[in-house]
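Asker:
Protein chains: 2
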Amino acid sequence: MASGRSTPASPPAGGAPRRTRGRGIPDATVARLPLYLRALTALSERSVPTVSSEELATAAGVNSAKLRKDFSYLGSYGTRGVGYDVEYLVYQISRELGLTQDWPVVIVGIGNLGHALANYGGFASRGFRVAALLDADPALAGQTAAGLPVRHMDELEEIIRAEHVSIGVITTPPGAAQQVCDRLVAAGVTSILNFAPTVLSVPEGVDVRKVDLSIELQILAFHEQRKSGEDHLADEPPAVVSRPGAGAKAVAAAAARAVTRARGKAAATAATEADRGDDGDVSAVVPA
Amino acid sequence: MASGRSTPASPPAGGAPRRTRGRGIPDATVARLPLYLRALTALSERSVPTVSSEELATAAGVNSAKLRKDFSYLGSYGTRGVGYDVEYLVYQISRELGLTQDWPVVIVGIGNLGHALANYGGFASRGFRVAALLDADPALAGQTAAGLPVRHMDELEEIIRAEHVSIGVITTPPGAAQQVCDRLVAAGVTSILNFAPTVLSVPEGVDVRKVDLSIELQILAFHEQRKSGEDHLADEPPAVVSRPGAGAKAVAAAAARAVTRARGKAAATAATEADRGDDGDVSAVVPA
DNA sequence: CCATCTTTGTGCACACGTTCACAAACGCAT
DNA sequence: ATGCGTTTGTGAACGTGTGCACAAAGATGG
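Same order as they appear, the protein sequences are chains A and B.
My numbering applies: residue 27 is where the first sequence begins, and numbers increase by one.
My numbering applies: residue 27 is where the second sequence begins, and numbers increase by one.
Written as structure tokens, this is what we have:
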């Protein structure tokens, strides 16, 4: 999972066997509902009246038993011997996800990624409405992106209150993320989607989900390495490295420098990054 | 986790108790390694020599027991009573993730998001090198993005073979994603990061991870709804809807239409989407 | 050299998620 | 009506992930 909520996984109410009925849908299931919804919407547009769990599961890329169990948490929609009524399921899932209501959203940080998100069709088609685009750079203010004017950060609090925004999207450089987050929360936002490679700290009751491109790529690299290297390498540490036990730090440092060299060489085309003082990760996708 | 691999979670080798030593790191741990690496890199730049599991866990946003267990899968780095040697750990994690080698990557679909990714500093700083930017639109070919020339899709196979690219990033509209994916795989790519809202089908041995903005927002909306609605609503279905049992499809259809209306009203500002025939989800972030 | 203090590494129990497999429910044909 | 084929809904087994709590290991000071 490339994300996590800030709240520690919902404390077991009081001792009762959670998930009594309707309430308490497992997180893993919630995360898959949008997938089902997408597949169902596609079927709906092709005017398909019903689907079996098998068909729908294939379309959504999951296993059919899992899908049936997921749906069972929502209730007993579906008819044995027939399948699920497409329109009805679309409605039920939409309602469960809260997509039957209007969700105004602000996007903070209008760099490349902010632009991309502003243009994202998937927002509007799911009940999300971009209430405002915000950026700290005064030069951007006044310009338009995706038909919406870019407004200055100064207006943040006013916009959030006036439009009743409860969801904020952060696409700023990592250095500004926490500060922006704090302002969003102070102004009343209770859900944040964070694209900056930073760990945000938020008060109780505020949800944070994060999307991190770099992490996804690194996970791919891990599996890729396994595929190519299989068993002849990566089983024992390279000879040059030794544990930094009892004051052998110099050795460790040397090893670390070797890494830096290797990476520097690899990235030679892109930039001179080995000696640039970036904070943990080079800025977000946003250059501004 | 906003993603999933195509392979069914690695078959238990032969019956042996997986995770014997060094080999077989749990997926959940692998997904956190990049987090630790980022926190460690930040410490390294501040020239901090050692960290305790407690400090590092806080910086990475996880619990310290989990962090220690994660590290124990890599081996017994760390010194009791002291903590972990920062440089040494950076090296070990980098090696485990495969970041000590060069990973050429191609980005297919140079719209807004493709641009954003091309400019992403996090790539180069982690051993990833953008080998080429590709787009099907001939008008884009020749232009440059992030200092790199945009090349036409025709060159895809040649580039992948010449540069030994094994990782591909798809940022095309959803309609083109599967086709692009097939070409990438045929040309030798074995890991794919998919930003298009589509389920990709790939042959055995190819890993797919997906990043989906729309899904993350929908998950936030779900929790947001729970927060505001608490217990007075959403417990039982609205009166207007009834199960589509024994031929009562008209009722379900009416309910579905109600949803469409609600969404149409919500998204009135953005576009007339209720009657546009998009395929399951409106195109990716990429307009091209 | 011993006592004390700190911090790791991990056994264990529990919670969560996934998958199997099957009874119950339904449509349909006879 | 009755029986047959189909598909859902779910109990139960299993595997994975999480967190507690503590022994073992090293550092440090006397």
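Just so you know, even glycine gets a beta-carbon here, dropped at the ideal spot from N, CA and C.
Going straight from the alpha carbon of Cys207/A to that of Pro223/A, what length do you get?
Answerer: Roughly 13 Å between the two C-alpha positions.
Asker: Please list the partners that Phe154/B has in chain A, where partner means a Cβ-to-Cβ separation under 7 Å.
Answerer: Chain A residues near Phe154/B: Leu243.
Asker: Going along the chain, which residues of its own chain have a beta-carbon closer than 8 Å to the beta-carbon of Asn89/A, five neighbours each way excluded?
Answerer: Only Ala83 meet the Cβ criterion.
Asker: Express the C-alpha separation of Leu239/B and Thr76/A in angstroms, rounding to a whole number.
Answerer: Near 28 Å, if we compare the C-alpha coordinates of Leu239/B and Thr76/A.
Asker: Quickly, what does DSSP pair Ser217/A with across the bridge? List them, please.
Answerer: Looking at the DSSP assignment, Ser217/A forms a beta bridge with Ile193/A and Asp233/A.
Asker: With a cut-off of 9 Å, does the C-beta of Lys253/B fall near any C-beta of chain A?
Answerer: Answer yes: the Cβ-Cβ gap between Lys253/B and chain A drops below 9 Å somewhere.
Asker: Can you give the beta carbon distance from Leu219/B to Val195/B, rounded, assuming they're within the 8 Å contact cut?
Answerer: Confirmed, about 5 Å.
Asker: Evaluate the contact criterion for the stretch 97-104 of chain A versus the stretch 156-164 of chain A: three or more CB pairs, one atom per stretch, below 8 Å.
Answerer: Output reads no: the stretch 156-164 of chain A does not touch the stretch 97-104 of chain A.
Asker: If you draw a straight line from the C-alpha of Asn145/A to the C-alpha of Ile133/A, how long is it?
Answerer: Cα to Cα, Asn145/A sits roughly 11 Å from Ile133/A.
Asker: List the residues of chain B that Ala57/A touches, going by C-beta distances under 7 Å, in chain order.
Answerer: Chain B residues near Ala57/A: Ile245.
Asker: Throw me the rounded Cβ distance for the Pro229/B and Val215/B pair, which I believe falls under 8 Å.
Answerer: No, Pro229/B and Val215/B are not in contact; Cβ-Cβ is about 11 Å, not under 8 Å.
Asker: What residues from chain B crowd round Ala86/A, counting only those whose CB sits closer than 9 Å?
Answerer: Ordered by position in chain B, the residues that pass the 9 Å Cβ test against Ala86/A are Val225.
Asker: If you reduce the DSSP assignment to three classes, tell me which class Ala157/A lands in.
Answerer: Of the three classes helix, strand and coil, the one that applies to Ala157/A here is strand, per DSSP.
Asker: Determine, using beta carbons only, whether Tyr146/A comes closer than 9 Å to chain B.
Answerer: Yes, because at least one Cβ of chain B sits closer than 9 Å to the Cβ of Tyr146/A.
Asker: Under the three-state reduction of DSSP, which class applies to Ala188/A: helix, strand or coil?
Answerer: Residue state, collapsed to three classes: helix.
Asker: Counting along the chain, where does the alpha helix (DSSP H) carrying Arg252/B start and finish?
Answerer: Note, Arg252/B: alpha helix (DSSP H), Leu239 to Gly255.
Asker: Decide yes or no for the touch test of the stretch 113-130 of chain B against the stretch 236-253 of chain A: beta carbon pairs closer than 8 Å, at least 3 of them.
Answerer: The answer is yes - the stretch 236-253 of chain A touches the stretch 113-130 of chain B, with three or more Cβ pairs under 8 Å.
Asker: Quick one: residues in its chain with C-beta nearer than 7 Å to the C-beta of Arg58/B, no 5 flanking neighbours on either side, listed in chain order?
Answerer: So the qualifying residues of the chain are Val88 and Asp96.
Asker: So, for Gln204/B: in the same chain, excluding its five sequence neighbours on each side, which residues have a beta-carbon less than 8 Å away from its beta-carbon?
Answerer: Thr224, Leu226 and Ser227.
Asker: List the residues that DSSP assigns as beta-bridge partners of Ala203/B.
Answerer: Paired residues: none, contrary to the question.
Asker: Could you check which residue in Ser151/A, Ser120/A and Gly101/A has the C-alpha nearest to that of Leu63/A?
Answerer: For the residues Ser151/A, Ser120/A and Gly101/A, the minimum Cα distance to Leu63/A belongs to Ser120/A.
Asker: What is the rounded straight-line gap between the Cα of Glu113/A and the Cα of Ser151/A?
Answerer: So the two alpha carbons sit approximately 16 Å from each other.
Asker: DSSP three-state label for Gly135/B, please.
Answerer: Note: Gly135/B maps to coil in three-state DSSP.
Asker: What residues in the stretch 179-199 of chain B have a beta carbon less than 7 Å from any beta carbon of chain A?
Answerer: For the stretch 179-199 of chain B, which is checked against every Cβ of chain A, the residues closer than 7 Å are Ser192 and Ile193.
Asker: Please list the terminal residues of the continuous beta strand (DSSP E) segment that includes Pro223/B.
Answerer: It is not in any beta strand (DSSP E) - Pro223/B carries neither H nor E in the DSSP assignment.
Asker: Of the residues Thr105/A, Glu122/A and Phe221/A, which one's Cα is nearest the Cα of Leu139/B?
Answerer: If we check each option's Cα against that of Leu139/B, Phe221/A comes out closest.
Asker: Hey, does Val131/B have any beta-carbon neighbour from chain A nearer than 9 Å?
Answerer: Yes, Val131/B lies at the interface with chain A (some Cβ there is under 9 Å from its Cβ).
Asker: What are the boundary residues of the beta strand (DSSP E) that Leu174/B is part of?
Answerer: Leu174 to His178 is the extent of the beta strand (DSSP E) around Leu174/B.
Asker: In the stretch 37-122 of chain B, which residue ranges form an unbroken alpha helix (DSSP H) of at least 4 residues, counting only runs that do not cross its ends?
Answerer: Here the runs fully enclosed are 53-71, 79-86 and 90-100.
Asker: I think Pro199/A touches His178/A, with their Cβ atoms under 8 Å apart; what is that distance to the nearest whole Å?
Answerer: Contact flag wrong, Cβ pair sits at about 17 Å.
Asker: Contact check, Gly104/B vs Tyr110/B under 8 Å by CB: the rounded distance?
Answerer: 4 Å between Cβ atoms; contact.
Asker: For a test of the three-state rule: what should DSSP assign to Ala171/A, helix, strand or coil?
Answerer: The answer is strand: DSSP assigns Ala171/A an E or B state.
Asker: Less than 7 Å between C-beta atoms, sequence neighbours within five positions excluded: which residues of the same chain meet that for Leu115/A?
Answerer: Correct list, in chain order: Leu66 and Tyr103.
Asker: Nearest to Gly231/B by alpha carbon, out of Glu242/A, Arg235/A and Lys253/A?
Answerer: The option with the nearest alpha carbon to Gly231/B is Lys253/A.
Asker: Quick test of your reading: Thr197/B and Leu143/B, contact by CB under 8 Å. State the CB separation rounded to the nearest angstrom.
Answerer: Their Cβ separation, rounded to whole angstroms, is 6 Å, which keeps Thr197/B and Leu143/B in contact under 8 Å.
Asker: Check the Cβ-Cβ distances between Ala230/A and every residue of chain B, and say whether any is below 9 Å.
Answerer: Note on residue identity: the sequence assigns Glu, not Ala, to residue 230/A. No, Glu230/A lies away from the interface with chain B (no Cβ there is under 9 Å from its Cβ).
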